[in-house]
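Asker:
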Amino acid sequence: MAGLFKRLFGGLSKSRTALGGRLADAASGHDRIDEALLEEVEEILITSDVGAAATTRFLKTVDNEVRYNRLTDPARMWEILRDDMLRSLARCGDRKLTVSASPTVVMVVGVNGVGKTTTIGKLAARYKAEGHKVMLAAGDTFRAAAGEQLTLWGQRLGVEVVRQQEGADASAVAYDACQAAMARGVDLLLVDTAGRLHTNVNLMAELEKVRRVIGKVIPGAPHEVVLVLDANTGQNALSQAKTFVDSAGVTGFVLTKMDSTARGGVLVNLVETYQRPVYFIGLGEQAEDLTPFDPEGYVAALFGEAE
Ligand SMILES: Nc1nc2c(ncn2[C@@H]2O[C@H](COP(=O)(O)OP(=O)(O)O)[C@@H](O)[C@H]2O)c(=O)[nH]1
Ligand SMILES: [Mg+2]
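Going by our numbering, the first residue of the sequence shown is number 448, and it counts up by one from there.
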């Protein structure tokens, strides 16, 4: 676990150059909080993908402190910003990805390359280690390689994979998988999905159909629709979130590649905008490179307090 957090900090220390380090640089040029410093801070927050709404609110909090509590010390400003950011992250709540019903069905959605299949492998490893019987459904039938990749994860982990030939109907795979999951007493069924069809409209229609079929076989399912986003993509991650939240019934997020990004600030924007939980963050390509999202650790890393 310590290793994982180190890597989170390793990854975010690049964000630190982007955020914590830049804020410190800005502060060092001013001996008191003034208009000019606040403008610099605003620019830094905006360009670190935290988002306009959060930035405005953070600055308003600082401004209030300056006005009503005679805050002048730039060093104290960081504490206020950090506390505000933590409050903002609390909006995502502390709901966890739990296996409540058997089978619990989790659909994993997102565009190509963000890390859906890898995240499913990591989740399978994690929940299996917790003693749950896990099954995988190869619902990305658009690319042959996707089914093979999932099958490899299944073999490596000793977890059954339900799969059909390339080009098969994704909802038929989901149907088979739900039947198999019920027949075999599976606790957790993780359903992989395509990230690209010929158009976005086709993709959303396919996801909707997969959802409907799952719900027909297992009433109340899917219990979760997890959107996977690549932290490196910054603002793009947000527009992807909009599309999938609007059309695919997203219940929570996984942010991947936090080991290799300078743009970790986008997580704040995501939570601010959609107020859904970030269940996990991805920190590498291996089965163990997945850790529950921890707001305190994240903010500490973002502000460069981790080392
Ligand atoms: N560094 C890093 N690479 C990742 C992470 N998650 C996935 N990847 C890599 O991203 C690439 C795309 O992943 P994949 O699971 O195939 O994406 P999918 O198209 O959404 O299913 C692969 O090379 C993965 O190994 C992560 O958290 N960190
Ligand atoms: Mg995939």
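The beta-carbon is built from N, C-alpha and C at its ideal position, and this holds for glycine as well.
(1) Among the residues of its own chain, which have a CB less than 6 Å from the CB of A641, if the five just before and after it don't count?
(2) Ligand 2 heavy atoms versus the CB of K704: any closer than 7 Å?
(3) Would you mind giving the Cβ-Cβ distance between A571 and V606, rounded to the nearest angstrom? I have them listed as a contact below 8 Å.
(4) Going by DSSP in three states, I665 sits in which element: helix, strand or coil?
(5) For L635, which residues of its own chain have a beta-carbon under 6 Å away from its beta-carbon, when the five flanking residues on both sides are left out?
(6) Nearest CA to the CA of A695: which residue from A619, V675 and G468?
(7) Just to confirm, does V606 get its C-beta within under 7 Å of one of the non-hydrogen atoms of ligand 4?
(8) Can you give me the start and stop residues for the beta strand (DSSP E) that M554 sits inside?
(9) Taking only three categories from DSSP, how would you classify L636?
(10) Is the beta carbon of T564 within less than 7 Å of some heavy atom of ligand 2?
(11) Checking 8 Å against the spacing of the C-beta atoms, do N700 and V673 come in under that value?
(12) Answer yes if the segment 704–722 comes into contact with the segment 497–506, meaning at least three C-beta pairs across the two stretches below 8 Å, and no otherwise.
(13) Using 7 Å as the cut-off, classify the Cβ of Q596 as near or not near the heavy atoms of ligand 1, replying yes or no.
(14) Just list the residues that DSSP pairs F750 with in beta bridges.
(15) Tell me the residue span of the beta strand (DSSP E) that contains M524.
(16) Report, in whole angstroms, the separation of the C-beta atoms of L533 and V725, which I expect to be a contact under 8 Å.
(17) Under the assumption that H670 contacts V553 (Cβ atoms under 8 Å), give the Cβ distance between them as a whole number of angstroms.
(18) For A592, which residues from the same chain have a beta carbon less than 7 Å from its beta carbon, with the 5 sequence-adjacent residues on both sides left out?
(19) Using a Cβ-Cβ cut-off of 8 Å (strictly less than) and excluding sequence neighbours within five positions of A449, which residues of its own chain qualify?
(20) Got a sec? Which residues, its chain only, sit under 7 Å from V577 by beta carbon, not counting five neighbours each side?
(21) Under the three-state reduction of DSSP, which class applies to I480: helix, strand or coil?
(22) Report the option in L749, D741, F727 and L518 whose CA atom is closest to the CA atom of K569.
(23) Tell me whether D677, by its Cβ, gets closer than 7 Å to a heavy atom of ligand 2.
(24) Out of V497, K563, K656 and I527, which has the shortest C-alpha to C-alpha gap to T508?
(25) Exposed or buried, which one is E653 when buried takes at least 16 other CB atoms within 10 Å?
(26) Looking at the strands, I want to know which residues DSSP matches up with G699.
(27) For the alpha helix (DSSP H) that T502 lies in, which residues bound it at each end?
(28) Can you list, in chain order, the stretches of the beta strand (DSSP E) that have 3 or more residues and sit fully within the segment 599–626?
(29) Does DSSP classify G729 as helix, strand or coil?
(30) Can you tell which of A522, L637, G681 and N649 has the C-alpha that lies nearest to the C-alpha of A668?
(31) Per the DSSP calculation, M582 is bridged to which residue(s)?
Answerer: From the atom records:
(1) Translated into the one-based positions of the sequence shown, residue 641 becomes position 194. Excluding sequence neighbours, A641 sits near D587 and F589.
(2) Within the sequence shown, residue 704 is the residue found at index 257, counting from 1. No, ligand 2 has no heavy atom inside 7 Å of this Cβ.
(3) In the sequence shown, the residue the question calls residue 571 occupies position 124. In the sequence shown, the residue the question calls residue 606 occupies position 159. Correct: roughly 5 Å between the Cβ atoms.
(4) Stepping through the sequence shown from its first residue, residue 665 is reached at position 218. I665 falls in the coil class under three-state DSSP.
(5) Against the sequence shown, residue 635 aligns to sequence position 188. Around L635: V546, T551, Y574, H579 and V581.
(6) Working through the sequence shown from its first residue, we reach residue 695 at position 248. When only C-alpha atoms are compared, the closest one is V675.
(7) Ligand 4 is not part of this structure, which contains only ligand 1 and ligand 2.
(8) The sequence position of residue 554 within the sequence shown is 107, counting from 1. Taken as a continuous stretch (DSSP letters only), the beta strand (DSSP E) holding M554 covers T551 to V556.
(9) Sequence index remark: in the sequence shown, residue 636 carries index 189 (1-based). DSSP places L636 in strand when its eight states are reduced to three.
(10) As a first step, residue 564 is located in the sequence shown; it is residue number 117 there, counting from the start. Yes, the Cβ of T564 comes within 7 Å of a heavy atom of ligand 2.
(11) Taking the sequence shown and counting its residues from 1, the one referred to as residue 700 is at position 253. Taking the sequence shown and counting its residues from 1, the one referred to as residue 673 is at position 226. The sequence shown places Phe at residue 700, not Asn. Taking 8 Å as the Cβ cut-off, F700 and V673 qualify as a contacting pair.
(12) yes
(13) By 1-based counting over the sequence shown, the position of residue 596 is 149. True, at least one ligand heavy atom lies under 7 Å from that Cβ.
(14) Indexing the sequence shown from 1 puts residue 750 at position 303. BP columns for F750 are empty, so no partner.
(15) As a working mapping, residue 524 is identified with position 77 in the sequence shown. It is not in any beta strand (DSSP E) - M524 instead sits in the alpha helix (DSSP H) that spans P521 to A537.
(16) The residue given as residue 533 occupies position 86 in the sequence shown. The residue given as residue 725 occupies position 278 in the sequence shown. L533 to V725, Cβ: 14 Å. No contact.
(17) As a first step, residue 670 must be located in the sequence shown, where it is residue number 223. As a first step, residue 553 must be located in the sequence shown, where it is residue number 106. The Cβ separation is near 7 Å, so the contact holds.
(18) The count along the sequence shown starts at 1 and reaches residue 592 at position 145. Excluding positions up to five away in sequence, the list is empty.
(19) Within the sequence shown, the letter at position 2 stands for residue 449. With a pLDDT of 48 at A449, under the threshold of 50, the predicted position of this residue should be treated as unreliable, and no value is reported.
(20) Looking up residue 577 in the sequence shown gives position 130. The identity of residue 577 in the sequence shown is Glu, whereas the question assumes Val. Same-chain partners within the cutoff: there are none.
(21) Counting from one through the sequence shown, the residue named residue 480 turns up at place 33. DSSP places I480 in coil when its eight states are reduced to three.
(22) In the sequence shown, counting from the first residue as 1, residue 569 sits at position 122. Residue F727 is the option with its Cα nearest to K569.
(23) One-based indexing of the sequence shown puts residue 677 at position 230. Answer for D677: no, Cβ out of range of ligand 2.
(24) By one-based count along the sequence shown, residue 508 stands at place 61. Closest by alpha carbon: I527.
(25) Counting from 1 along the sequence shown, the entry for residue 653 is found at position 206. Buried, since its Cβ has 16 or more Cβ neighbours within 10 Å.
(26) As a position in the sequence shown, residue 699 is number 252, starting the count at 1. Partner(s): V673.
(27) If you number the sequence shown from 1, residue 502 lands on position 55. Start and end: A499 to N516.
(28) 607–609
(29) Counted from its first residue, the sequence shown places residue 729 at position 282. In the structure shown, G729 sits in a strand (DSSP, three-state: E or B).
(30) Locating residue 668 in the sequence shown gives position 221, where the first residue counts as 1. Here the closest residue by C-alpha is L637.
(31) Along the sequence shown, one-based indexing puts residue 582 at 135. Answer is E607 and L636, bridged to M582.
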